[in-house]
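Working notes, beginning with the structure itself.
Take a look at the structure:
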């Protein structure tokens, strides 16, 4: 462990994968190494690689719990602990992923990223940025994590307040959240009532588009500018809610909005 601190994480990974128990003397040495700052010697990419491998195991909840027991989570951030709220989210993720894979078998999912987002749930946005910088996560993954961190709490509050949603309201609520964030949302929400709404969004609402485009608006005599976004957003909402059903209907709606 002193020669290569990544062996601490690999020991946990294989212990949990094969249902082993780490031999007593080895565990003593592992705990001694974990109590030092050896892990800080690892580069961000090396630490990230070991972490993501742990989170990609069949049951990441167990590997995370083991890291918590050995106080290894502090090497991601000093304030990161396996708090009860994190454990509750981890318990819900497995059911959410099972539902997702059965309902949407064709949508690829970064399972390890879902669990990583769950770990970050107890940290504020600035602390999450510290972790992302330390681990040097690829921009694609880091962007997903930041979006979810920024939006998930407010999305859950809206879901808690409303019992029903128009298609356009559901679309606006979920649009822009990555699939991994939607899994985490389902896990945190904790109720199967959100699943039909997510299903409708993913199978239907995401595919709805207005017939008219910016070019069409220009040909109608509208000057390009912020009004385009307002009109196109309104057309999409109208399509989703069934207010318009054809291109001709959309043109009439545009005339009313733009007062042509």
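Residue numbers (the numbering used here): 1057 to 1316.
Beta carbons: idealized from backbone N, C-alpha and C, even for Gly.
Review point. Cα separation between residue 1290 and residue 1192?
Key: 39 Å
Review point. How many angstroms separate the CA atom of residue 1131 from the CA atom of residue 1239?
Key: 26 Å
Exercise for review: Answer with buried or exposed for residue 1116, where buried requires no fewer than 16 other C-beta atoms within 10 angstroms of its C-beta.
Suggested key: buried
**Study point:** 4-residue-minimum alpha helix (DSSP H) runs that sit fully inside the region 1065 to 1114, ordered along the chain
**Key:** 1080 to 1090 and 1100 to 1111
**Study point:** residue 1166 - DSSP class collapsed to helix/strand/coil
**Key:** coil
Review point. Between the region 1241 to 1251 and the region 1276 to 1284, do at least 3 Cβ pairs fall closer than 8 Å?
Key: no
Check your understanding: How about residue 1134 and residue 1098: do their beta carbons lie closer than 9 Å?
Key -> no
Check your understanding: How do the region 1283 to 1299 and the region 1256 to 1267 stand: do at least 3 beta-carbon pairs fall below 8 Å, yes or no?
Key -> yes
**Study point:** Boundaries of the alpha helix (DSSP H) in which residue 1127 is found, first to last residue
**Key:** Here residue 1127 belongs to no alpha helix (DSSP H), and DSSP marks it neither H nor E.
Exercise for review: Indicate the three-state DSSP secondary structure (helix, strand or coil) for residue 1241 in the structure shown.
Suggested key: helix
**Study point:** Cβ pair count under 8 Å reaching 3, the region 1166 to 1176 against the region 1098 to 1114
**Key:** yes
Practice item. Just mark residue 1262 as buried or exposed, buried being the case when its beta carbon has 16 or more other beta carbons within 10 Å. Key: exposed
Exercise for review: Out of 1102, 1073 and 1120, point me to the one whose CA is closest to residue 1144's CA.
Suggested key: 1120
Review point. Beta-carbon separation of residue 1154 and residue 1224 under 9 Å?
Key: no
Review point. Where does residue 1218 sit, in a helix, a strand or coil, going by DSSP?
Key: coil
Exercise for review: Buried or exposed for residue 1315, please, with buried defined as at least 16 other CB atoms from any protein chain shown within 10 angstroms of its CB.
Suggested key: exposed
Practice item. Give a yes or no on whether the C-beta atoms belonging to residue 1181 and residue 1202 are separated by under 9 Å. Key: yes
Point to revise | residue 1308, DSSP secondary structure in three states | key: helix
Point to revise | Straight-line gap, residue 1217 to residue 1129 (C-alpha atoms, nearest Å) | key: 34 Å
Check your understanding: Where does residue 1123 sit, in a helix, a strand or coil, going by DSSP?
Key -> helix
Point to revise | Pick from 1304, 1138, 1196 and 1160 that is closest to residue 1177, judged by C-alpha positions | key: 1138
Exercise for review: Identify which residue in 1122, 1304, 1112 and 1113 has its Cα closest to the Cα of residue 1064.
Suggested key: 1122
Review point. Are residue 1204 and residue 1234 closer than 9 Å when you measure CB to CB?
Key: yes
Exercise for review: Figure out for me which residue from 1236, 1220 and 1093 has the closest Cα to the Cα of residue 1253.
Suggested key: 1220
Check your understanding: Taking Cβ to Cβ, would you say residue 1208 is nearer than 9 Å to residue 1158?
Key -> no
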